[in-house]
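Chemist: Mapping the sequence shown onto the UniProt record's numbering, position 106 (from 1) lands on 106, and the numbers just tick up by one. Glycine is no exception: its CB is placed at the ideal position from the N, C-alpha and C atoms. Quick one: this structure, given as structure tokens, is what I'll be asking you about.
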Amino acid sequence: MPTIMLLQTPPPEFIRSQIQQMVVDYVTDISMVAIAPSNPLYNLYQYGVGYEVHLYLNAMDGSQNLTVELIVALDDEDPETVLGFLLYLPVQDDPQACAVAYMAVRESHRRQGIARSMLNKMVGRYPHAELYCVVGKVAYFEALGFQVLGARGPQVIMNT
Numbered sequence: 001m002p003t004i005m006l007l008q009t010p011p012p013e014f015i016r017s018q019i020q021q022m023v024v025d026y027v028t029d030i031s032m033v034a035i036a037p038s039n040p041l042y043n044l045y046q047y048g049v050g051y052e053v054h055l056y057l058n059a060m061d062g063s064q065n066l067t068v069e070l071i072v073a074l075d076d077e078d079p080e081t082v083l084g085f086l087l088y089l090p091v092q093d094d095p096q097a098c099a100v101a102y103m104a105v106r107e108s109h110r111r112q113g114i115a116r117s118m119l120n121k122m123v124g125r126y127p128h129a130e131l132y133c134v135v136g137k138v139a140y141f142e143a144l145g146f147q148v149l150g151a152r153g154p155q156v157i158m159n160t
């Protein structure tokens with residue numbers, strides 16, 4: 001099982017660069033519109049989502065009046081290899097609530113409990129969590145204790 005680590009300050013460059021690469025590689029999975037690689041705007045979405053994650057990571061220094069936290073899963077055999085990440089925003093006026101911004105696990109390490117471990121760590125800190133997902137992921141998140149609240153465009157809104 002990988003090491004699950006909470007970061008509340010900007011991550012070191014080796015973590016930041018791997019997260020940015022995962023965002024580019026998995027933009028279809030983590031984008032709000034699930035854009036296909038065949039879409040002419042795909043590269044633009046890679047850039048846009050990548051830039052948004054970059055801004056969130058920079059905001060972890062406290063300069064933007066925004067609280068951002070990051071949970072990363074690091075490979076036990078190679079602790080400089082990021083296997084997954086969970087970027088979320090604690091709610092300013094509720095110390096028990098947060099919203100998931102982005103989450104990804106390397107394709108080669110999926111279905112091994114990494115996302116579950118990261119989400120469990122987050123929910124342990126913030127029992128009231130909210131996320132948006134595509135319809136195909138609803139059953140997965142329900143198995144992790146989330147429930148459907150409603151829909152917004154192509155996304156399903158879920159919370160704990």
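Quick test of the definition: if touching needs 3 or more C-beta pairs under 8 Å, does the region 149–159 touch the region 122–134?
Modeler: Because the criterion of three Cβ pairs below 8 Å is met, the region 149–159 and the region 122–134 touch.
Chemist: Which same chain residues end up closer than 8 Å to Val123 when comparing Cβ atoms and leaving out the 5 residues on each side of it in sequence?
Modeler: The answer, listed in chain order, is Ala129, Gly145 and Thr160.
Chemist: Just verifying my parser: in three-state terms, what is the DSSP assignment at Val123?
Modeler: Looking at Val123 - three-state DSSP - the assignment turns out to be helix.
Chemist: For Gln18, which residues from the same chain have a beta carbon less than 6 Å from its beta carbon, with the 5 sequence-adjacent residues on both sides left out?
Modeler: These residues qualify, in order along the chain: Val82.
Chemist: I'd like to know if the region 53–73 and the region 37–45 are in contact, where contact means that at least 3 CB-CB pairs between them fall below 8 Å.
Modeler: No, they do not touch.
Chemist: Alpha carbon to alpha carbon, how far is Ser108 from Gln8? Give it in angstroms, no decimals.
Modeler: Cα-Cα distance, rounded: 27 Å.
Chemist: Who are the Cβ neighbours of Asp94 in its own chain at under 8 Å, not counting the five residues just before and after it?
Modeler: Hits under 8 Å: His128.
Chemist: Taking His54 as part of the alpha helix (DSSP H), name the residues at either end of that continuous run.
Modeler: Counting along the chain, the alpha helix (DSSP H) containing His54 begins and ends at Tyr42 to Ala59.
Chemist: Round the Cβ separation of Asp76 and Thr28 to the nearest angstrom and send it over; I've been treating them as touching at under 8 Å.
Modeler: About 28 Å separates the two Cβ atoms, so there is no contact after all.
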